[in-house]
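**Student:**
Protein chains in written order, with the working numbering: chain E, 7 to 157; chain U, 691 to 834.
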């Protein structure tokens, strides 16, 4: 069941991206080009998504478990640090360079665009670089495991 | 700033956005998960593998959407102007940045803002500003 509902959610998400036009990097770049001829569409996509999403979140936060009886896994809201800001800044530069973020890139890959395949491979390599760096950091000389420090 | 009225598509944007919201609602209320695409993909690169099924299913659903759309309404308009070197640099930055920033346009921009998460508000403002600045430099300052 969780696999089926995730498949449906992914499919519906992809249809939303296609209908909104956001699967096309040219459309996204039209929004990011505030210094040129600006296309505000992306702001309305976010407004539509947040309007529906906020209702779902309000509902989810009043429930202790999912419809399937599983746990609600909502990320913590707090903790603004340099990682969050620098990571988001790097993400934004990449987003502005090509007009692709992860969802639209996977949709464009499904549509058979070779350029989307190249972008997604590079994106996965970037994510793997993060995993390697994280594992090195957690296992590194400063980690509690090797210094004996207790938090 | 001049608004590009010819390209502005308010109704499909609002409708598509609402559909994205419905997708996020399904994943949240049925799976108990945030529809953050970078997090869903990134989670495939680390254990536990018992967690892989729903992640793979979500990504497959996302990739199937344009195929189903094409069968009903014809192929979706997807215009990718960036060249291969830019796409590779962009992909690397998006991948590493979304993981360090713990989210992307979907996780922070849609789901996080829906819950008014301060982390997500900071992340969204930051990547929007970086995106605006990057496009400004590429389109209006770079002369090469």
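Note that CB positions come from ideal geometry on N, CA and C, so glycine has one too.
(1) What does the alpha-carbon distance come out to for the pair residue 740 of chain U and residue 128 of chain E?
(2) Would you verify that the beta carbon of residue 74 of chain E is, or is not, closer than 8 Å to some beta carbon of chain U?
(3) Which full runs of the beta strand (DSSP E) of 3+ residues lie inside the region 52-82 of chain E, going along the chain?
(4) Could you confirm whether any beta carbon from chain E is found closer than 8 Å to the beta carbon of residue 788 of chain U?
(5) Under 8 Å Cβ-Cβ, which residues of chain U neighbour residue 171 of chain E?
(6) When Cβ atoms are compared, which residues of the region 764-775 of chain U fall closer than 8 Å to chain E?
(7) Would you please state the rounded distance, in angstroms, between the beta carbons of residue 102 of chain E and residue 787 of chain U? I believe it to be under 8 Å.
(8) If we cut at 8 Å on Cβ distances, does residue 151 of chain E have a partner in chain U?
(9) If residue 776 of chain U and residue 55 of chain E are in contact, beta carbons under 8 Å, what's the gap, nearest whole angstrom?
(10) Tell me whether residue 22 of chain E sits in a helix, a strand or coil according to DSSP, three-state version.
(11) Can you tell me which of the three DSSP states residue 693 of chain U falls into?
(12) Check each candidate in U:822, U:828, U:762 and U:831 and name the one with the smallest Cα separation from residue 45 of chain E.
(13) If I follow the unbroken alpha helix (DSSP H) through residue 762 of chain U, where does it start and stop?
(14) Just how far apart, CA to CA, sit residue 141 of chain E and residue 16 of chain E?
**Tutor:** By the coordinates alone:
(1) Indexing the second chain from 1 puts residue 740 of chain U at position 50. Indexing the first chain from 1 puts residue 128 of chain E at position 122. So the alpha carbons of these two residues sit roughly 26 Å apart.
(2) Within the first chain, residue 74 of chain E is the residue found at index 68, counting from 1. By this cut-off, residue 74 of chain E is an interface position.
(3) Taken in chain order, no unbroken stretch of beta strand (DSSP E) lies wholly in the region 52-82 of chain E with a span of 3 residues or more.
(4) The count along the second chain starts at 1 and reaches residue 788 of chain U at position 98. Closer than 8 Å to some Cβ of chain E, the Cβ of residue 788 of chain U qualifies, so yes.
(5) As displayed, chain E neither begins before 7 nor continues past 157, which places residue 171 of chain E out of reach and without an answer.
(6) Result list: 765, 766, 767, 768, 769, 770, 771, 772 and 774.
(7) Sequence index remark: in the first chain, residue 102 of chain E carries index 96 (1-based). Sequence index remark: in the second chain, residue 787 of chain U carries index 97 (1-based). Contact doesn't hold; Cβ gap of about 11 Å is too wide.
(8) Taking the first chain and counting its residues from 1, the one referred to as residue 151 of chain E is at position 145. With a pLDDT of 48 at residue 151 of chain E, under the threshold of 50, the modelled position of this residue cannot be trusted; read the value that follows with caution. Closer than 8 Å: no.
(9) Locating residue 776 of chain U in the second chain gives position 86, where the first residue counts as 1. Locating residue 55 of chain E in the first chain gives position 49, where the first residue counts as 1. Actually they do not touch by this definition, with Cβ atoms about 27 Å apart.
(10) Taking the first chain and counting its residues from 1, one reaches residue 22 of chain E at position 16. Residue 22 of chain E falls in the helix class under three-state DSSP.
(11) Here residue 693 of chain U is taken as the residue at index 3 of the second chain, counted from 1. In this structure, residue 693 of chain U counts as strand in the three-state DSSP scheme.
(12) Locating residue 45 of chain E in the first chain gives position 39, counting from the first residue. When each option's Cα is compared against that of residue 45 of chain E, the closest is U:822.
(13) Residue numbering aside, residue 762 of chain U sits at position 72 when the second chain is read from its first letter. For residue 762 of chain U, the uninterrupted alpha helix (DSSP H) run begins and ends at 742-763, by DSSP.
(14) Here residue 141 of chain E is taken as the residue at index 135 of the first chain, counted from 1. Here residue 16 of chain E is taken as the residue at index 10 of the first chain, counted from 1. Answer to the nearest angstrom: the Cα atoms are 29 Å apart.
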